[in-house]
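Just below is one structure, and these are the notes that go with it.
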Amino acid sequence: MVKSTPLTLKIPITNVYANGDYTMDVLIGSEQRKARVILDTGSSTFAVHPVNYCPESDHYLTPTPYAQDITYGLGGWTGPLVKTAITLSGECSQRGPAHTITAAQSHLAVASQEQPHAFAAADGILGLAYHGLNKAFNLQDYFEAHQVTPAVTFPWPFPVQPTHQAIADFKKFLWRYQEQDIQPLFTEWEQHGYCANRFAFVTRRSSVHHRAADLSTQALEQDPLNQGYFILGGGEEQPLYQGEFITIPVHDHVYYNVELAAISVANLAPRSAPPLAAKDEHLYRTNAILDTGASAIVLPASLYQALLEDFSTIDERLATCIKNYPVFNGQEQGIAIADMIDLPWPDIQFWFQEVAAPLTISAKEYWQLNAPEFGQASFKLFSQLAHWPNQTILGLPIFNPYFTIFDRAAPPRGQVKFAPLYD
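Per our numbering, the sequence shown starts with residue 31, numbered consecutively.
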């Protein structure tokens, strides 16, 4: 295989279309249809729903016998796996301010059957984790047994029922057939030499910022606080940070698996993070993951309770404010800014195994002002989710103060590096 010369591509991103998660634009197929896709280091599949893409018009599309069925915390989808051309555009340090990269015959899942709002107001998702989360099922035997010709999953040959139960039932059907890990899109790009085996993020918020009431989507998108960058192949050469990097080793290649040692509140004694339960080690591997597709930090129940106790030690009004916060119901909620703004909210430090310095977030990160509406504040620290192990999900608030590099090539298993952003 002939490799291209690796390039660096700085691509604008926005948090407006996916409830605070960041999306970038990709161009798909022969007609270069634009799709806004969520950038998610907590998954590995590249998928779009077919409304904007129109796969029937894509002359580059190559069907396959593979199907995928993926469920997330608040959504899921199923559909065919195809191959087609994917184009990215952005500022390239080697080639100029407007450069494109096109990868021919990349894997793409078409979300033919999805739960409502699986991608929020985005068009799809681009998972940036490893191949173990990108499973597909070969239905060749099914097609032969049922005399389906051609023996491919596109056009989608199954009934469409966009419900959680239908998607769960279809996954049970797929488990009868041969499973295969599919190379994620970023891995394909790197292996073809389009970019180095790393990428970087600039994000400043984990919720959409509303600087006034009743703003249009266009006005929200133009707010600098709702903008950022995804830098394909980017690393320390980028002039976007100040000071030294804090380097967190990656311990496993399912998610970006890291080992959280403790958290501390202000100058109080650190609270140890619980180890991952033995029954969950096979699937989840470590007690924490770094997840740009999560708009909050989710702590194991015991660690969250310890956090509340430390808030009470500093000022009882802090814990009272949080206990009175609306219970999470799947939609972002908020309280009046006036109800929290004058309280002495402390910094929180996150300590990692084998790392001397902590990552620190301030109230600016874990209280998102003017979200989900103008004049409200959204709290971004959650207790353990139902059906999730005692694993900390380190979502966007941990990234927001930092320029972050996911250096997948660093030995032995990769590193994620954090340096303070320029103000």
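Beta carbons: idealized from backbone N, C-alpha and C, even for Gly.
Fair warning: this is a prediction, and the values are worked out from it, not measured in the lab.
Check, Outcome
"ILE391 vs PHE380 beta-carbon contact at 9 Å", "yes"
"As assigned by DSSP and simplified to three states, the class of ILE68", "strand"
"Short Cβ contact (9 Å threshold) for LEU428 with LEU389", "Looking at the sequence shown, residue 428 is not Leu but Ile. Yes, Cβ-Cβ distance for ILE428 and LEU389 is below 9 Å."
"Rounded separation between TYR47 and PHE436 - CA only", "24 Å"
"Chain D within 9 Å of PHE188, Cβ atoms only", "The chain inventory of the structure shown lacks chain D, comprising one protein chain alone."
"LEU290 (DSSP reduced to helix, strand or coil)", "strand"
"ARG206 classed as buried or exposed, judged by whether at least 16 other C-beta atoms fall within 10 angstroms", "exposed"
"Euclidean distance between Cα positions of ILE371 and ILE327", "20 Å"
"Counted within 10 angstroms of its Cβ, other Cβ atoms place GLN248 as buried (16 or more) or exposed", "exposed"
"Counterpart residues of MET370 in DSSP-defined beta bridges", "Bridge partners of MET370: none, in fact."
"For ILE319, the residue or residues it bridges with in DSSP", "ASN287, ILE423"
"Proximity winner among HIS137, ASN227, PHE76, relative to GLN90 (alpha-carbon distances)", "Going by the sequence as given, residue 90 is Tyr instead of Gln. Per the Cα distances, HIS137."
"Closest residue to PHE173 among GLY162, ILE276, PRO192, LEU204 (Cα-Cα distance)", "LEU204"
"Residues bridged to ARG228 [DSSP beta-bridge criterion]", "ASP437"
"Whether LEU451 touches VAL232 by CB criterion (9 Å)", "yes"
"Endpoints, alpha helix (DSSP H) assigned at GLU22", "It is not possible to answer for residue 22, since the shown part of the chain is limited to 31 through 453."
"Expected contact under 8 Å - CB spacing of LEU306 and ASN420 to nearest Å", "7 Å"
"Identity of the residue in ALA152, SER294, THR217 nearest ALA159 by Cα", "THR217"
"Coarse secondary structure for LYS410, derived from DSSP in three states", "coil"
"ARG301 - DSSP class collapsed to helix/strand/coil", "strand"
"DSSP state of SER332 mapped onto helix, strand, coil", "helix"
"Proximity of GLU541 and ARG438 at Cβ, strictly below 9 Å", "Because the chain is modelled from 31 through 453, residue 541 falls outside the range shown and cannot be assessed."
"Neighbourhood of TYR105 by C-beta distance below 6 Å, restricted to the same chain and skipping five residues each side", "First, the residue type needs correcting, since residue 105 is Gly and not Tyr in the sequence shown. Closer than 6 Å at the Cβ level, and outside the excluded window around GLY105, lie GLN145, ALA148."
"In DSSP terms, what TRP397 is bridged to", "PHE409"
"For TYR160, three-class secondary structure by DSSP", "coil"
"Contained beta strand (DSSP E) runs [length at least 3] in the stretch 163 to 246, N- to C-terminal order", "165 to 168, 208 to 211, 228 to 232"
"Residue range of the beta strand (DSSP E) that includes ALA48", "39 to 48"
"Closest residue to THR179 among LEU163, VAL190, ILE155, THR94 (Cα-Cα distance)", "THR94"
"Helix, strand or coil at THR343 [DSSP, three-state]", "helix"
"Reference ILE68; option with closest CA among ASP282, GLU339, GLY323", "GLY323"
"Buried/exposed call for HIS312, threshold 16 Cβ in 10 Å", "exposed"
"Range covered by the beta strand (DSSP E) that runs through HIS129", "126 to 140"
"Three-state secondary structure assigned by DSSP to PRO146", "coil"
"Opening and closing residue of the alpha helix (DSSP H) in which GLU121 lies", "Unbroken run through GLU121 is the beta strand (DSSP E), 106 to 122; no alpha helix (DSSP H)."
"Bounding residues of the beta strand (DSSP E) (the contiguous stretch that carries TYR96)", "92 to 101"
"Cβ neighbour criterion (16 or more within 10 Å) applied to ALA368", "exposed"
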